[in-house]
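Visitor:
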Amino acid sequence: MWDKYLIRPGNKKFLNYFRIKRFIHKAVCPPGAALKSLLKHILNKSELKLEIYQEELLKNNVLKEIYLSAVKKGWVPKKCDSYEDRFSNLFRSSANISWFYALIRELKPKRVVETGTAAGGTTSMILAALEANNSGKLISIDLPSEKGKNTMNWSLPERQKAGFLVPEQYKYRWELRTGDSKDLLVECLREEPCDIFIHDSLHTYEHMIWEYVTAFLNMQDGKIIISDDVLWNKAWLNFITNFDLRSFQDLSNPNIGVTVIKHKE
Ligand SMILES: C[S@@+](CC[C@H](N)C(=O)[O-])C[C@H]1O[C@@H](n2cnc3c(N)ncnc32)[C@H](O)[C@@H]1O
């Protein structure tokens, strides 16, 4: 059930793995290994050139421009002075490129749904992948970020809406629905089939497991669920175990979990 690159949440050993993850990642787990394993599992595809997707992102002037303008205004939460710095940080973790860009480039989903947008860093990467595919749309569900509320340690800049890092050029592929996912997610998943669901909203056990099970029950076999912060508590572990699913986690950041839906007969 568990992928060979998996680090099980709740297993004490994972903490040590986490500390030396960069070393392990370089030594035994080539970048993109977990994504390769997933593509082999669902598409029987063994070729993946992650560097091509990294190059695409580095050369993306639309993302670069909006990122630099947000840095200038002092809006970006984790400030890196250049776009290249920001992306070399991301590249050190092949997990981000794998799950929020390369996977979308490879699977060419028609409809992606995410909960939790905040500044829109991940949102804009997903939209860039859809734009490069020349197909697909993204629906984001978000409560505006406020420091100290809903497990957030950061507030939106004054008078800014969630997703201020989303470039104008990509907005025709994007719909932001403001509200609690507990009120909006079910309808959003039922109104049209969803190919990829991404959880990154409230990281409490109760809320995470509610979103995972809601997505699982409202999506078809072969569709994908991604979650950030799966190591914060045992919600992901219990979800995966209870529904007998397989978890794919990239050693560069095993805190992101990915699974392929398979309902029991
Ligand atoms: C961790 S941040 C999202 C980060 C974003 N995905 C990124 O990669 O930059 C979580 C966001 O979820 C929002 N949120 C928290 N609880 C929520 C809920 N119940 N429904 C919808 N959004 C929620 C927070 O206000 C915040 O904007």
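Numbering-wise, my numbering comes out as the position in the sequence shown, counting from 1, plus 619.
Yeah, the Cβ is synthetic: ideal placement off N, Cα and C, and Gly gets one too.
None of these values were measured; they are calculated from a predicted model.
Is there at least one non-hydrogen atom of ligand 1 closer than 7 Å to the beta-carbon of D869?
Guide: As a working note, residue 869 is residue 250 in the sequence shown. Answer for D869: no, Cβ out of range of ligand 1.
Visitor: Determine the closest residue to K801 out of F858, L762, E884, with distance taken between C-alpha atoms.
Guide: For the purposes of this step, residue 801 is taken as residue 182 along the sequence shown, with counting starting at 1. It is L762 whose Cα lies nearest to the Cα of K801.
Visitor: Please report the straight-line C-alpha distance between A721 and Q779, rounded to a whole angstrom.
Guide: As a first step, residue 721 must be located in the sequence shown, where it is residue number 102. As a first step, residue 779 must be located in the sequence shown, where it is residue number 160. Those two C-alpha atoms are separated by around 29 Å.
Visitor: Flag K780 as yes when its Cβ comes closer than 7 Å to any non-hydrogen atom of ligand 1, and as no otherwise.
Guide: On the sequence shown, residue 780 is found 161 positions in, with the first residue counted as 1. False, no ligand heavy atom lies under 7 Å from that Cβ.
Visitor: From A895 to V695, what distance separates their C-alpha atoms?
Guide: Absent from the model: residue 895. The displayed extent of the chain is 620 to 884, so no value can be given.
Visitor: Looking at the structure shown, is T878 part of a helix, part of a strand, or coil, going by DSSP?
Guide: For this step, residue 878 is matched to residue 259 along the sequence shown. T878: strand per DSSP, three-state reduction.
Visitor: Could you give the uninterrupted runs of the beta strand (DSSP E) lying entirely in the stretch 777-852, keeping only those of 3 residues or more?
Guide: Runs of the beta strand (DSSP E) inside the stretch 777-852: 793-797, 815-818, 843-846.
Visitor: Does ligand 1 have even one heavy atom less than 7 Å from the beta-carbon of L602?
Guide: Any answer about residue 602 is impossible in this case: the structure gives the chain only from 620 up to 884.
Visitor: For Y672, collect the residues of the same chain with a Cβ closer than 7 Å to its Cβ; drop the 5 residues on either side in sequence, then sort them by chain order.
Guide: Reading the sequence shown from its first residue, position 53 is the one you call residue 672. I716, Y720, A721, R724, listed in sequence order.
Visitor: Closer than 7 Å: is that where the CB of G735 sits relative to any heavy atom of ligand 1?
Guide: Start at 1 with the first residue of the sequence shown, and residue 735 comes out as number 116. Yes.
Visitor: Here's the rule: buried if 16 or more other CB atoms are within 10 angstroms of the residue's CB, otherwise exposed. What is R730?
Guide: Residue mapping note: residue 730 aligns to position 111 of the sequence shown, counting from 1. That one is buried.
Visitor: For ligand 1, any of its heavy atoms closer than 7 Å to the Cβ of L682?
Guide: The residue you call residue 682 lines up with position 63 of the sequence shown. Result no, Cβ not under 7 Å from ligand 1.
Visitor: Between which two residues does the alpha helix (DSSP H) holding S774 run?
Guide: The residue you call residue 774 lines up with position 155 of the sequence shown. No alpha helix (DSSP H) contains S774, which DSSP labels as neither H nor E.
Visitor: Kindly provide the ranges of any alpha helix (DSSP H) runs that are 4 or more residues long and lie completely inside the stretch 657-737, ordered along the chain.
Guide: Runs of the alpha helix (DSSP H) inside the stretch 657-737: 669-677, 680-691, 702-711, 713-716, 722-726.
Visitor: Quick check: I885 and D847, are their CB atoms within less than 8 Å of each other?
Guide: Shown here, the chain extends from 620 to 884; a query on residue 885 therefore has no answer.
Visitor: Considering Cα atoms alone, identify which of R796, S656, D704, L662 is closest to L676.
Guide: Within the sequence shown, numbered from 1, the residue matching residue 676 stands at position 57. Ranking the options by Cα distance to L676, first place goes to D704.
Visitor: My assumption, with CB atoms under 8 Å, is that V877 sits in contact with I845. Please give the rounded CB distance.
Guide: Position 258 of the sequence shown, counting from 1, holds the residue named residue 877. Position 226 of the sequence shown, counting from 1, holds the residue named residue 845. Yes, they are in contact, since the Cβ atoms of V877 and I845 sit about 5 Å apart, within 8 Å.
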